[in-house]
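Colleague: For the sequence shown, the numbering used here begins at 327 and goes up steadily by one.
Mind having a look at this structure? Questions to follow.
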Amino acid sequence: MTQTVGDIRLSCLSTEHGVRALLERLMPMLPDWGIGNDDAMTVELVLAETLNNIAEHAFPTQDDALIAVHLWASGDQFYVAVQDDGRAMPGLTLPKGRLPDHTVAREDLPEGGFGWFLIRSQTDRLEYRRDTSRNHLSYSIRLSRPAQPVRDCCCDTQSNALR
Numbered sequence: 327m328t329q330t331v332g333d334i335r336l337s338c339l340s341t342e343h344g345v346r347a348l349l350e351r352l353m354p355m356l357p358d359w360g361i362g363n364d365d366a367m368t369v370e371l372v373l374a375e376t377l378n379n380i381a382e383h384a385f386p387t388q389d390d391a392l393i394a395v396h397l398w399a400s401g402d403q404f405y406v407a408v409q410d411d412g413r414a415m416p417g418l419t420l421p422k423g424r425l426p427d428h429t430v431a432r433e434d435l436p437e438g439g440f441g442w443f444l445i446r447s448q449t450d451r452l453e454y455r456r457d458t459s460r461n462h463l464s465y466s467i468r469l470s471r472p473a474q475p476v477r478d479c480c481c482d483t484q485s486n487a488l489r
């Protein structure tokens, strides 16, 4: 049976600073979960893109809304579940995440459009649904080696409760 490592719930304000504060709180925990630097950088990049997209698009005129994040690892997967009460995805579906045409002149490259490509290319089990007024986005990120707590981990490996 694969052991669940971590299991933390965080929230942040729907602002660039709120997102940064959440990431600054989370990232020092990942080594305790046995997650290496390369995998941690991928987690940070994908989670930052996810949260910044929510802040920018789900709450374009509101910076006091909360974004809830649930994170845990099991085996070689790092799981992310995000909820917010912002605007729904257009058409209630995730963007395709196609890479914009990069064969054009540098000055003709689009400013955006790379985020969903990045999220889709780095995740597994990407799912979105809307329940009444709440967005639910979840995915997993494959780790290069299974997560497992180190000796000084802040988690009780029997109950996953914080000590």
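Quick reminder that beta carbons are idealized off the backbone N, C-alpha and C, glycines included.
Which same chain residues end up closer than 8 Å to S459 when comparing Cβ atoms and leaving out the 5 residues on each side of it in sequence?
Modeller: If we look at S459 and ignore the five residues flanking it on each side, its Cβ neighbours are D411.
Colleague: Do you know whose CA, among I393, V406, W359, lies nearest L371's CA?
Modeller: The shortest C-alpha separation from L371 is found at V406.
Colleague: Using a Cβ-Cβ cutoff of less than 6 Å, which residues in the same chain neighbour D365 once the five nearest sequence positions on both sides are dropped?
Modeller: Cβ within range, chain order: L469, S470.
Colleague: Over what stretch of residues does the alpha helix (DSSP H) that includes T376 continue unbroken?
Modeller: Unbroken alpha helix (DSSP H) run through T376: 363-379.
Colleague: For G441, which option in Q329, L425, R456 has the closest C-alpha, if you only look at C-alpha atoms?
Modeller: With distances taken between Cα atoms, G441 lies closest to L425.
Colleague: May I ask you to verify whether the segment 414-421 touches the segment 449-456, counting CB pairs closer than 8 Å and requiring at least 3?
Modeller: Short answer: they touch.
Colleague: I'd like the span of the alpha helix (DSSP H) that includes W442, first residue to last.
Modeller: Start and end: 441-448.
Colleague: Assign T429 to buried or exposed, taking buried as 16 or more other Cβ atoms, counted over all protein chains shown, within 10 Å of its Cβ.
Modeller: Exposed.
Colleague: Give me the residue from W398, I361, S447 with the minimum Cα distance to T330.
Modeller: It is W398 whose Cα lies nearest to the Cα of T330.
Colleague: Which residue or residues does DSSP assign as beta-bridge partners of F404?
Modeller: In the DSSP output, where bridge partners are listed per residue, F404 has A399, I467.
Colleague: For R335, which of helix, strand or coil comes out of DSSP?
Modeller: If DSSP states are grouped into helix, strand and coil, R335 belongs with the strands.
Colleague: With a 10 Å radius around its C-beta and 16 neighbouring C-beta atoms as the bar for buried, classify V395 as buried or exposed.
Modeller: Classification for V395: buried.
Colleague: In whole angstroms, what separates the C-alpha of H462 from that of M415?
Modeller: The straight-line gap from Cα to Cα measures roughly 10 Å.
Colleague: Buried or exposed for N363, please, with buried defined as at least 16 other CB atoms from any protein chain shown within 10 angstroms of its CB.
Modeller: So N363 counts as exposed.
Colleague: What's the gap between the Cα of N486 and the Cα of Q474?
Modeller: Model confidence at N486 stands at a pLDDT of 38, short of 50, so the residue's coordinates are unreliable and nothing is read from them.
Colleague: Going by C-alpha to C-alpha distance, which of S340, R346, M353, W359 sits closest to T387?
Modeller: Cα-wise, what sits closest to T387 is S340.
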